[in-house]
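Keeping their order, the protein sequence lines are chains F and A. Heads up: the first sequence begins at 17 in the working numbering, then just goes up one per residue. Heads up: the second sequence begins at 17 in the working numbering, then just goes up one per residue. C-beta: ideal position from N, C-alpha, C; glycine also.
Protein chains: 2
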Amino acid sequence: MINFADYLVKKIEEMDNPTVVGLDPKLEYIPDSIKDYSEQLFPEEPTKATAKAIWLFNKEIIDQVCDIVPAIKLQFAYYEMYGVDALKTMLLTARYAQRRGMIVIGDCKRNDIGSTATAYAEAIIGTTDILLGETMEMSGFDACTVNAYLGVDGVQPFIDVAKRDGKGIFCLVRTSNPSAGDFQDLELKDGRKLYEAVAEKVNEWGKDVIGEEGFSSVGAVVGATWPEQAVALRKLMPNAFILVPGYGAQGAGADEAVAGFTAEGKGAIVNSSRAIMTAWKKREDLEPEEFGVAARQEALDMKEKLNAALKNRKYV
Amino acid sequence: MINFADYLVKKIEEMDNPTVVGLDPKLEYIPDSIKDYSEQLFPEEPTKATAKAIWLFNKEIIDQVCDIVPAIKLQFAYYEMYGVDALKTMLLTARYAQRRGMIVIGDCKRNDIGSTATAYAEAIIGTTDILLGETMEMSGFDACTVNAYLGVDGVQPFIDVAKRDGKGIFCLVRTSNPSAGDFQDLELKDGRKLYEAVAEKVNEWGKDVIGEEGFSSVGAVVGATWPEQAVALRKLMPNAFILVPGYGAQGAGADEAVAGFTAEGKGAIVNSSRAIMTAWKKREDLEPEEFGVAARQEALDMKEKLNAALKNRKYV
């Protein structure tokens with residue numbers, strides 16, 4: 017059984033690109049012609065038309081970036097928002113990206129306790145079919161995001177499934193949003209911040225699933241918007257693989273985004289969703305239907321910026 | 017627009033029963049004959065057969081308890097675990113329970129930021145169809161559970177939708193599981209525990225949606241397994257409507273479960289899932305097919321115990 021973190025390190029090195037493309041399909045990101053075509057296919061069924069439009073959009077982006085980007089991240093909220101047909105598109109997108117060699121992260125921020133957490137873990141990253149008892153992907157994600165507010169009861173079931181099936185998780189430690197500090201920055205009696213206490217637990221929980229490359233399949237989410245904290249968190253979680261949201265649309269640049277990488281420039285992957293999905297809107301030289309080409313060029317641009325920032329670290 | 021908390025208070029008073037029945041459909045809770053029948057209907061499609069068995073089970077329980085219990089709570093994890101067909105059953109169950117006059121709470125513990133949190137809120141408790149722009153339930157839940165680790169950015173979108181559409185939310189404050197204290201009990205520099213800091217925020221966030229009965233549609237989850245803390249939390253959140261998990265199967269009795277109610281015995285609702293769903297397994301006098309009758313009697317027994325505990329409070 018391959019260790020998830022090793023798999024991720026290998027894919028990133030192969031492509032020399034620590035980027036994950038987020039596919040968070042708001043309808044306004046999709047060119048009209050794609051939506052019109054889908055509506056013609058399902059004139060009486062708007063939910064099916066929407067699911068189809070999202071699929072056509074996702075597939076083209078995957079086709080365009082799968083040879084230069086190691087992973088995609090699917091944000092569950094947008095698929096759930098558009099209904100059950102869109103959820104099927106989410107699962108189809110996950111499978112298709114894997115067939116094209118990409119790692120697929122489910123951004124679901126799930127959290128619950130005991131057997132309920134096990135249910136989520138089996139549903140999202142498990143490879144044992146609950147109904148048939150056979151080895152078979154349910155949702156087929158390689159990893160997912162987890163909210164640890166409920167403590168180890170809520171996380172261990174995910175770790176158990178991840179360990180059994182060679183998958184990974186990313187625990188929310190320091191999120192990228194403006195109000196992240198409402199609770200995460202609260203100072204504890206012992207002088208630590210809450211997010212540091214969470215980070216120490218994440219490092220501890222991950223000790224059992226460290227791969228040959230030195231990183232654990234129990235990773236962490238640390239926003240690019242807080243680079244000084246990312247530097248400190250890398251020290252608290254020397255083995256954690258870090259998923260970095262907040263690059264681009266949320267205001268952080270490449271220098272900030274790589275703050276949590278190790279001194280060797282490893283152990284983290286930076287997400288970009290909106291900038292890549294909507295790259296076509298800024299391109300007067302391209303037709304809207306060339307959104308995939310625009311996405312690819314935006315992804316190449318991001319790769320270049322991240323690698324330049326890694327050569328010349330601003331935050332250490 | 018009716019205030020959700022008022023609606024909940026009214027239903028509880030009508031039935032003189034502060035109970036919510038949790039429908040967390042593990043397959044082992046469902047009698048074999050129901051599962052066999054469903055498999056005969058869909059011999060080649062195990063996911064459809066499972067979804068059908070869950071539906072038949074849920075419908076019978078709802079039919080049996082809808083005149084004595086004000087609300088049901090659907091745990092998303094179990095439906096997600098059994099796939100897209102089971103998710104359709106979840107939505108069908110929600111609609112059916114509402115048609116039978118019940119309040120429906122989605123236990124999804126969702127959390128994300130900004131527009132993503134809005135997407136979840138619209139999907140789960142919103143009544144505006146995203147695709148058609150018309151007023152139309154998507155998932156149709158009256159309320160849902162929310163994890164607040166990301167701060168107000170992650171909660172405000174839920175509050176906005178709840179306010180607009182007369183819905184409610186329950187923020188995780190003190191969960192019922194053994195490791196809840198891993199983070200929730202951490203002592204802050206100012207002497208408060210983390211869960212108390214969360215409780216104070218919940219009370220503050222809810223000020224804008226307090227109904228005529230004095231309770232807010234921004235509620236809290238406080239486990240029955242921590243009665244002393246529930247007493248203290250009621251004081252910190254005088255207006256919060258409290259959803260109480262942990263009764264029965266997780267070890268707390270009626271005395272513990274009512275610890276967070278107000279002095280007047282109001283402002284909270286106690287969940288029971290497993291004990292009600294599997295009541296038939298303890299009944300040698302009933303056939304397994306009479307699981308609905310067994311559930312009803314268990315629910316009546318719980319009502320009696322809670323009301324007795326409310327008359328004679330152990331934790332105040």
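Among the options, nearest to residue i - alpha-carbon criterion
i: residue 163 of chain F; options: F:207, F:142, F:217; result: F:217
i: residue 54 of chain F; options: F:213, F:45, F:20, F:67; result: F:67
i: residue 175 of chain F; options: F:156, F:141, F:200, F:206; result: F:141
i: residue 79 of chain A; options: A:59, A:96, A:117; result: A:117
i: residue 241 of chain A; options: A:194, A:329, A:63; result: A:194
i: residue 243 of chain A; options: A:307, A:302, A:268; result: A:268
i: residue 32 of chain F; options: F:24, F:132, F:38; result: F:24
i: residue 230 of chain F; options: F:254, F:246, F:215; result: F:254
i: residue 310 of chain A; options: A:56, A:189, A:57, A:77; result: A:77
i: residue 274 of chain F; options: F:215, F:39, F:319; result: F:319
i: residue 170 of chain A; options: F:170, F:192, F:180, F:169; result: F:192
i: residue 211 of chain F; options: F:39, F:88, F:60, F:250; result: F:250
Beta-carbon contacts of residue i that lie in its chain and below 6 Å, excluding the five residues immediately before and after
i: residue 265 of chain A; result: 290, 291
i: residue 270 of chain F; result: 321, 322, 325
i: residue 293 of chain A; result: 45
i: residue 304 of chain A; result: 47, 296
i: residue 313 of chain A; result: none
i: residue 92 of chain F; result: 124
i: residue 245 of chain F; result: 190
i: residue 187 of chain F; result: 162, 164, 218, 236
i: residue 226 of chain F; result: 232, 255
Cα-Cα separation, residue i to residue j
i: residue 166 of chain A; j: residue 69 of chain A; result: 37 Å
i: residue 213 of chain F; j: residue 199 of chain A; result: 8 Å
i: residue 100 of chain A; j: residue 272 of chain A; result: 37 Å
i: residue 196 of chain A; j: residue 135 of chain F; result: 19 Å
i: residue 278 of chain F; j: residue 331 of chain F; result: 11 Å
i: residue 21 of chain A; j: residue 236 of chain A; result: 12 Å
i: residue 36 of chain A; j: residue 248 of chain A; result: 23 Å
i: residue 262 of chain F; j: residue 126 of chain A; result: 19 Å
i: residue 317 of chain F; j: residue 129 of chain F; result: 42 Å
i: residue 104 of chain F; j: residue 96 of chain A; result: 12 Å
i: residue 137 of chain A; j: residue 185 of chain A; result: 10 Å
i: residue 301 of chain F; j: residue 308 of chain F; result: 14 Å
i: residue 90 of chain A; j: residue 206 of chain A; result: 37 Å
i: residue 27 of chain A; j: residue 18 of chain A; result: 13 Å
i: residue 14 of chain F; j: residue 119 of chain F; result: Only positions 17 to 332 of chain F appear in this structure, which leaves residue 14 of chain F out of reach.
i: residue 329 of chain A; j: residue 132 of chain A; result: 42 Å
i: residue 43 of chain A; j: residue 256 of chain F; result: 36 Å
i: residue 151 of chain A; j: residue 65 of chain F; result: With a pLDDT of 49 at residue 151 of chain A, under the threshold of 50, the predicted position of this residue should be treated as unreliable, though the coordinate-derived value follows. Using only the alpha carbons, I get a separation of about 20 Å.
i: residue 220 of chain F; j: residue 52 of chain A; result: 45 Å
i: residue 201 of chain F; j: residue 34 of chain F; result: 28 Å
i: residue 102 of chain F; j: residue 299 of chain A; result: 43 Å
i: residue 222 of chain A; j: residue 260 of chain A; result: 18 Å
For residue i, the residue or residues it bridges with in DSSP
i: residue 263 of chain A; result: A:268
i: residue 184 of chain F; result: F:159
i: residue 39 of chain F; result: F:90
i: residue 83 of chain F; result: Beta-bridge pairing links residue 83 of chain F to no other residue.
i: residue 121 of chain A; result: A:89, A:159
i: residue 126 of chain F; result: F:162
i: residue 285 of chain F; result: F:259
Cβ shell of residue i (< 7 Å), same chain only, five flanking positions each side left out
i: residue 203 of chain F; result: 209
i: residue 41 of chain A; result: 70, 73, 74, 94
i: residue 258 of chain F; result: 235, 236, 238, 276, 283, 284
i: residue 327 of chain A; result: none
i: residue 281 of chain F; result: 326
i: residue 315 of chain F; result: 35, 37, 81, 84, 85, 292
i: residue 58 of chain F; result: 64, 65, 68
Proximal residues to residue i (C-beta, below 8 Å), its chain only, five neighbours per side dropped
i: residue 75 of chain A; result: 109, 112
i: residue 107 of chain A; result: 155, 156
i: residue 49 of chain A; result: 304, 305
i: residue 114 of chain A; result: 120, 156, 158
i: residue 177 of chain A; result: 134, 137, 138, 141, 142, 183
- Mind listing, in chain order, the continuous alpha helix (DSSP H) runs of no fewer than 4 residues lying wholly within the segment 86-114 of chain F? For the segment 86-114 of chain F, whole alpha helix (DSSP H) runs of length 4 or above, ordered along the chain, are 92-97.
- Fully enclosed by the segment 181-257 of chain F, which beta strand (DSSP E) runs are 3 residues long or longer? Contiguous beta strand (DSSP E) elements confined to the segment 181-257 of chain F occur at 184-190, 232-238, taking only those with 3 or more residues.
- Task: Mind listing, in chain order, the continuous alpha helix (DSSP H) runs of no fewer than 4 residues lying wholly within the segment 17-66 of chain F?
- Result: 20-31, 48-57, all fully within the segment 17-66 of chain F.
- Message: Quick check for students: name the residue ranges of the alpha helix (DSSP H) that lie wholly in the segment 287-323 of chain F, counting only runs of 4 or more.
- Response: Entirely contained in the segment 287-323 of chain F, the alpha helix (DSSP H) runs reaching 4 residues are, in chain order, 290-293.
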